[in-house]
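Down below is the structure, laid out as structure tokens.
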Amino acid sequence: MKNLNLILAGVFFTVAAAWSGLVITAQVQLGSLGRAPSEEGGPLFPSREPGLAIQGRAVYLDLGCVACHTQQVRPAGQGSDIARGYGVRASVARDYVLQSQVLLGQRRLGPDLANYGARAKSEVELAAFLRTPASGVNHPPYAFLDAERSTALVAYLKSLRQDYSSPEAKLKQ
Amino acid sequence: MSQENRTGRPQGRPPEGGASRLSRTEAGLRGPFLCFFTSAVLWLVVASLLALIAAVKLHRPDFLGACALTTYGRVAAAAQDTFVYGWGFNALFAVNFWLMAQLGRFEFRNGWLATLGGLAWNLALTYGVVQVFRGELGGFALLDLPREVGPVLILAFLFAALWSVVTYARRPSGHNFASQWYVIGATFALPIVFLLGQLMVQWFPSVGTVPALAHAWFVQNLMLLWFGASTLASAYYFIPKILGRPLSHYYLAPVGFWTFFLFAGWTAPAALLGGPIPIWLQSVGVVASVMSIVPVIIVGINFYSTLSVDGGWSRAWNSTTLRFVSVGVVCFSLFGGLSTVFSTRDFSAVLAFTSFAQGQQQLLTYGALTMTLFGASYFVLPRLTGSLWPSAKLVHLHFWAASLGLLVAVVASLAGGWQVGHLLADPAVTTAQAGAATAVWTLAGSIAAMLFLVAHVAFALNAFGMILASSSPTSEGRPD
Numbered sequence: 001m002k003n004l005n006l007i008l009a010g011v012f013f014t015v016a017a018a019w020s021g022l023v024i025t026a027q028v029q030l031g032s033l034g035r036a037p038s039e040e041g042g043p044l045f046p047s048r049e050p051g052l053a054i055q056g057r058a059v060y061l062d063l064g065c066v067a068c069h070t071q072q073v074r075p076a077g078q079g080s081d082i083a084r085g086y087g088v089r090a091s092v093a094r095d096y097v098l099q100s101q102v103l104l105g106q107r108r109l110g111p112d113l114a115n116y117g118a119r120a121k122s123e124v125e126l127a128a129f130l131r132t133p134a135s136g137v138n139h140p141p142y143a144f145l146d147a148e149r150s151t152a153l154v155a156y157l158k159s160l161r162q163d164y165s166s167p168e169a170k171l172k173q
Numbered sequence: 174m175s176q177e178n179r180t181g182r183p184q185g186r187p188p189e190g191g192a193s194r195l196s197r198t199e200a201g202l203r204g205p206f207l208c209f210f211t212s213a214v215l216w217l218v219v220a221s222l223l224a225l226i227a228a229v230k231l232h233r234p235d236f237l238g239a240c241a242l243t244t245y246g247r248v249a250a251a252a253q254d255t256f257v258y259g260w261g262f263n264a265l266f267a268v269n270f271w272l273m274a275q276l277g278r279f280e281f282r283n284g285w286l287a288t289l290g291g292l293a294w295n296l297a298l299t300y301g302v303v304q305v306f307r308g309e310l311g312g313f314a315l316l317d318l319p320r321e322v323g324p325v326l327i328l329a330f331l332f333a334a335l336w337s338v339v340t341y342a343r344r345p346s347g348h349n350f351a352s353q354w355y356v357i358g359a360t361f362a363l364p365i366v367f368l369l370g371q372l373m374v375q376w377f378p379s380v381g382t383v384p385a386l387a388h389a390w391f392v393q394n395l396m397l398l399w400f401g402a403s404t405l406a407s408a409y410y411f412i413p414k415i416l417g418r419p420l421s422h423y424y425l426a427p428v429g430f431w432t433f434f435l436f437a438g439w440t441a442p443a444a445l446l447g448g449p450i451p452i453w454l455q456s457v458g459v460v461a462s463v464m465s466i467v468p469v470i471i472v473g474i475n476f477y478s479t480l481s482v483d484g485g486w487s488r489a490w491n492s493t494t495l496r497f498v499s500v501g502v503v504c505f506s507l508f509g510g511l512s513t514v515f516s517t518r519d520f521s522a523v524l525a526f527t528s529f530a531q532g533q534q535q536l537l538t539y540g541a542l543t544m545t546l547f548g549a550s551y552f553v554l555p556r557l558t559g560s561l562w563p564s565a566k567l568v569h570l571h572f573w574a575a576s577l578g579l580l581v582a583v584v585a586s587l588a589g590g591w592q593v594g595h596l597l598a599d600p601a602v603t604t605a606q607a608g609a610a611t612a613v614w615t616l617a618g619s620i621a622a623m624l625f626l627v628a629h630v631a632f633a634l635n636a637f638g639m640i641l642a643s644s645s646p647t648s649e650g651r652p653d
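Residue numbers (our numbering), protein chains in the order written: chain A, 1 to 173; chain B, 174 to 653.
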């Protein structure tokens, strides 16, 4: 252990091995994923985000919503996500292929939003909730949001959907 | 130098035989060390204040809620970034550098280069934190500073930290010890990890969930290879040094070192169990997390067997430095044990997305790393400044507030996460109901944040009082 080059080479090998084994292999496996039809000849999913939703994603990031909300539905048997209605199936890698920045999140202080668009309130109700959350809900009031940013954020939240069949996760009929 | 004080009164001391004399090795370090250290302490106080605001916002969401500047997401991200990049990195620049120069008896003559790196680091971080408050916030924790900050941080790191490797390569004494391996490994691995993390997450993100995996890999390496390895480096130095006896079972240390580095990076997918990544990768993460217990056991054998003979624990309690370092060592073992046990699928199904993971991370970043860095500061600062710590009461206050804060914070995160996880296993319970049922743990988190702030202000007052009262010691005369 006196040889500096040996230590540096060993450390480099351990770091490179883990990076290659995890990240590069994941890139090989997932990097070419694209949209796919839910049934032969059907429309491709995931759908492209509307322009307003893309602006809303920036607001979502800007406010730091990812600190409290995840966007990933775990499979049945791995938590109660599906049973509690967060999604109709588990999230799969293909669901995120159009997202310029995937926002899986790490903490759930509020509900998961991966499939929020499928169960969301109306635009008006959602905008009102963001300004003045219902009592008993531990959500900060975003009264400072102007109409433009609020509309964009609502459009983004409404656009979050994973309620289609995917080759890796078929919906049960 | 021994800091032991049989009365139990913690009190750092300057070097014996002349407070105004520094060894040649230490004379070259004084400038860069104090630059890094003062920056670190200032960031620590800022991070504590932000963490307190974030903690209060968890049970009072409308607190400071009138503007976008202080949303929970922004404040929490800024608190974490200032703690990790402001306190953790600066303090490690200082302590690792000092360790390597001491162990290698290396006379450092280009302190201005390291200081320059430190200044660049702190300026870039300040800019990044301001941008976070302005809403330029990324979606990945610890890679959420604006991406233009990243390259500056890497360059600054090379200037500030790579001297540790130089001191080993050019050490005249040929001295070789476990602390040096860990510092070299950490210092060499971090820039590679930081560069790859930034490239794959911020600059050229790949399709879908690959960036999420790259992010998990980055965070695990940052936590284990930089923070974890540096913690072990200090512990390997201070325990035998202050106890005045060789490390027990030292022949195991190389095995601990290599297994630590071998398994650390592979544990990343365990953080994404059940997520939209391939299942085989998740299994690899679980296996690596379980295997990571091997180095934890080995370093535990080294440390605990050294501390357990000839009244070692008692002597550790009577030494300010070793009191902090011992807490750090215990927390490292707890972190390793929890990471192994709770990385399995059954536990993850219940505990994922709760505060449990935060509690585990606090054991490493605060319990192990920060407490060890505090201990190192109590050892090094008196030597470099030639002064006594101004107030023994503040030292006491620092230790007890930090220890109590750590205990409350970790218990609140782990117990709160456990309770929330089990409540949410029932689909009929909403997140709001689970939050209300566990409000006591959230409140405890705020109390812990307050205790941390008190501890850090006490530490800062004492440290700055000592630095300001110190003269510029001369370097002639005192041999190493």
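No residue lacks a Cβ here, since even glycine has one placed at the ideal position from N, Cα and C.
Review point. Alpha helix (DSSP H) containing SER337(B): first to last residue?
Key: Residues 336-342.
**Study point:** Start and end residues, alpha helix (DSSP H) containing CYS504(B)
**Key:** Run containing CYS504(B): 493-514, per the alpha helix (DSSP H) assignment.
Practice item. Specify the secondary structure class of LEU318(B) as computed by DSSP and reduced to three states. Key: Three-state DSSP puts LEU318(B) in coil, outside helix and strand.
Review point. Which residues, in chain order, does the region 372-385 of chain B contribute to contact with chain A at a C-beta distance below 7 angstroms?
Key: Taking 7 angstroms as the Cβ-Cβ cut-off against chain A, the residues of the region 372-385 of chain B that qualify are MET373, PRO378, SER379, VAL380, GLY381, THR382, VAL383, PRO384 and ALA385.
Review point. Taking the continuous alpha helix (DSSP H) assigned at ASN295(B), which residues delimit it?
Key: Unbroken alpha helix (DSSP H) run through ASN295(B): 284-306.
**Study point:** Cross-strand partners of LEU44(A) (DSSP beta bridge)
**Key:** In the DSSP assignment, LEU44(A) forms a beta bridge with PRO37(A).
Exercise for review: Might you give, ordered along the chain, the residues of its own chain that have their beta carbon closer than 7 angstroms to the beta carbon of ARG282(B), omitting 5 neighbours on each side?
Suggested key: Taking C-beta separations shorter than 7 angstroms and ignoring five residues to either side along the sequence, the partners of ARG282(B) in its chain run GLY201, following chain order.
Check your understanding: For the alpha helix (DSSP H) that contains ILE82(A), what are its first and last residues?
Key -> Element bounds for ILE82(A): n/a, residue is neither H nor E.
Practice item. Report the neighbours of ILE357(B) on chain A: residues whose CB is nearer than 9 angstroms to its CB, in chain order. Key: In chain order: LEU4, ILE7, LEU8 and VAL11.
Point to revise | Alpha carbon of GLY191(B) to alpha carbon of PHE400(B), nearest angstrom | key: A caution first: GLY191(B) carries a pLDDT of 45, below 50, which makes its placement in the model too unreliable to give a value.
Exercise for review: Determine the extent of the alpha helix (DSSP H) in which HIS139(A) is found, giving its start and end residues.
Suggested key: Premise fails: HIS139(A) is in no alpha helix (DSSP H) and is neither H nor E.
Exercise for review: Find the nearest neighbour of GLY21(A) within the set LEU596(B), GLY458(B), GLN535(B) and ASP599(B), judged by alpha-carbon distance.
Suggested key: Selected option, being the one with the closest Cα: GLY458(B).
**Study point:** DSSP state of ALA169(A) mapped onto helix, strand, coil
**Key:** Looking at ALA169(A) - three-state DSSP - the assignment turns out to be strand.
Review point. Do VAL92(A) and LEU126(A) have their C-beta atoms closer together than 8 angstroms?
Key: Not closer than 8 angstroms, so no.
**Study point:** Simplified DSSP assignment, three categories, for TRP562(B)
**Key:** In the structure shown, TRP562(B) sits in coil (DSSP, three-state: anything other than H, G, I, E or B).
Check your understanding: With distances taken between CB atoms, is the gap from GLY34(A) to VAL97(A) smaller than 8 angstroms?
Key -> Contact: yes.
Check your understanding: Taking just the CA atoms, how far does ASP146(A) sit from ILE470(B)?
Key -> Using only the alpha carbons, I get a separation of about 55 angstroms.
Check your understanding: Does the region 621-630 of chain B come within contact of the region 592-611 of chain B, defined as at least 3 CB pairs closer than 8 angstroms?
Key -> Touching, no.
Exercise for review: Please go through the same chain and pick out, in chain order, the residues whose beta-carbon is closer than 6 angstroms to the beta-carbon of LEU542(B), but skip the five residues on each side of it.
Suggested key: Taking C-beta separations shorter than 6 angstroms and ignoring five residues to either side along the sequence, the partners of LEU542(B) in its chain run PHE400 and THR404, following chain order.
Exercise for review: Flag ALA152(A) as yes if its beta-carbon sits less than 8 angstroms from any beta-carbon of chain E, otherwise no.
Suggested key: No chain E is part of this structure, whose protein chains are labelled A and B.
Exercise for review: Just the chain B side, please: which residues come within less than 8 angstroms of SER91(A) by C-beta, in chain order?
Suggested key: Near SER91(A) (Cβ distances below 8 angstroms), the residues of chain B are GLY448 and PRO449.
Practice item. State yes or no: is the beta carbon of ALA192(B) nearer than 8 angstroms to at least one beta carbon in chain A? Key: Because ALA192(B) sits at a pLDDT of 43, beneath the cut-off of 50, its placement in the model cannot be relied upon, and the point is left open.
Practice item. Please determine, among ALA58(A), ALA128(A) and GLY110(A), the residue with the shortest C-alpha to C-alpha distance to SER528(B). Key: If we check each option's Cα against that of SER528(B), GLY110(A) comes out closest.
Exercise for review: Using a threshold of 8 angstroms, state whether the C-beta atoms of VAL498(B) and THR545(B) are closer than that.
Suggested key: Yes, the Cβ-Cβ distance between VAL498(B) and THR545(B) is below 8 angstroms.
Check your understanding: Which term fits THR132(A), buried or exposed, when burial requires 16 or more other beta carbons within 10 angstroms of its beta carbon?
Key -> That one is exposed.
Exercise for review: For MET1(A), name the three-state secondary structure that DSSP assigns.
Suggested key: The answer is coil: DSSP assigns MET1(A) none of H, G, I, E or B.
Point to revise | Amino acids of chain B, ordered along the chain, whose beta-carbon sits closer than 7 angstroms to that of PHE144(A) | key: Residues of chain B passing the Cβ test: ALA239, CYS240 and ALA241.
Practice item. Evaluate GLY484(B) with the Cβ neighbour count: other Cβ atoms within 10 Å of its Cβ, from every protein chain shown; 16 or more gives buried, anything less gives exposed. Key: So GLY484(B) ends up on the exposed side.
Review point. Where LEU157(A) and ALA252(B) are concerned, what is the direct C-alpha to C-alpha distance, given to the nearest angstrom?
Key: LEU157(A) and ALA252(B) have their C-alpha atoms roughly 27 angstroms apart.
Practice item. List the residues of chain B whose Cβ lies closer than 8 angstroms to the Cβ of PRO37(A), in chain order. Key: Those do not exist, as PRO37(A) stays about 18 angstroms from chain B at its closest Cβ, beyond 8 angstroms.
Review point. Can you give the Cα-Cα distance for TRP271(B) and TYR355(B), rounded to whole angstroms?
Key: Near 14 angstroms, if we compare the C-alpha coordinates of TYR355(B) and TRP271(B).
**Study point:** Within-8 angstroms CB hit, VAL15(A) to chain B
**Key:** Yes, VAL15(A) counts as interfacial toward chain B.
Exercise for review: Please classify THR244(B): does DSSP put it in a helix, a strand, or coil?
Suggested key: DSSP places THR244(B) in coil when its eight states are reduced to three.
Practice item. Could you spell out the range, first to last residue, of the alpha helix (DSSP H) harbouring PHE625(B)? Key: From DSSP, the alpha helix (DSSP H) with PHE625(B) extends over 612-642.
Review point. Do you know how far the Cα of LYS566(B) is from the Cα of ALA26(A)?
Key: Cα to Cα, the separation comes out at about 54 angstroms.
Practice item. Give every residue of the same chain whose Cβ lies closer than 6 angstroms to the Cβ of LEU420(B), excluding the five residues on either side of it in the sequence, and list them in chain order. Key: Non-local C-beta neighbours of LEU420(B) in its own chain, meaning closer than 6 angstroms and more than five positions away in sequence, comprise PRO413, ASN475 and THR479, ordered along the chain.
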